[in-house]
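Worksheet: the structure to be examined is printed underneath.
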Amino acid sequence: MWQSETASPSGLQRQAPRVLIMEDEFIVALDLSGMTEDLGYVVTGPFATLSEGVLAIQGQRPDAAILDVQLADGDVFPLADELTRMGVPIIFHSGHADSQSLISRYPGACSASKPCSPDLIATYLHQLTASLMPDRATPF
């Protein structure tokens, strides 16, 4: 497991990228969180409701987000819109949405239909945060 802080070439400590996880299925949320932490990221969440996610991003901007489309209190789109405005890259992880529609609405996003391989999520995370982790090799 990577440490949450790494030394940069200048010798300064750099915080690992923060990943917001929005998922209302408990077991899936635990799996995503554990996998994301094992890859060396700092997890914000997981949160099951849109309202929790909105509060979370007011406190601190994430570096990336993994979003289920249908949450306990509605669709994630208002949060996805705000994250897009903030320049936060998004991975949609859902069994209830059409990937083409998501990518059309959010051109910079990635989409992984449930169920999917953890390697796919890991690949997307690495691609979306590579500029924040230039000294790290591919995580698998």
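In my numbering, the protein residues as written are -3 to 136.
Using N, Cα and C, we set each Cβ at its ideal position, and we do this for glycine too.
Keep in mind that this is a model prediction, so the values were computed, not measured.
Given a cut-off of 7 angstroms on the beta-carbon distance, is the pair residue i and residue j in contact?
| i | j | result |
| --- | --- | --- |
| Thr45 | Val39 | no |
| Leu105 | Val65 | The question names Leu, but residue 105 in the sequence shown is Ala. No, they are not a contact pair. |
| Thr80 | Tyr102 | yes |
| Ala25 | Pro42 | yes |
| Asp59 | Leu128 | yes |
| Leu116 | Ser107 | no |
| Ala61 | Ile86 | yes |
Mind reading off the beta-carbon distance from residue i to residue j? Whole number of angstroms is fine, and I expect it under 8 angstroms.
| i | j | result |
| --- | --- | --- |
| Phe88 | Leu63 | 6 angstroms |
| Ser109 | Ser95 | 6 angstroms |
Out of the options, which one is the CA nearest neighbour of residue i?
| i | options | result |
| --- | --- | --- |
| Gln56 | Asp69, Asp27, Gly30 and Val15 | Val15 |
| Glu48 | Asp20, Asp77, Leu116 and Lys110 | Asp20 |
| Met18 | Cys112, Leu51 and Gln11 | Leu51 |
What are the partner residues of residue i, as DSSP defines its beta bridges?
| i | result |
| --- | --- |
| Asp71 | Gln66 |
Which full runs of the beta strand (DSSP E) of 3+ residues lie inside the region 4 to 52, going along the chain?
9 to 11, 14 to 18 and 38 to 43
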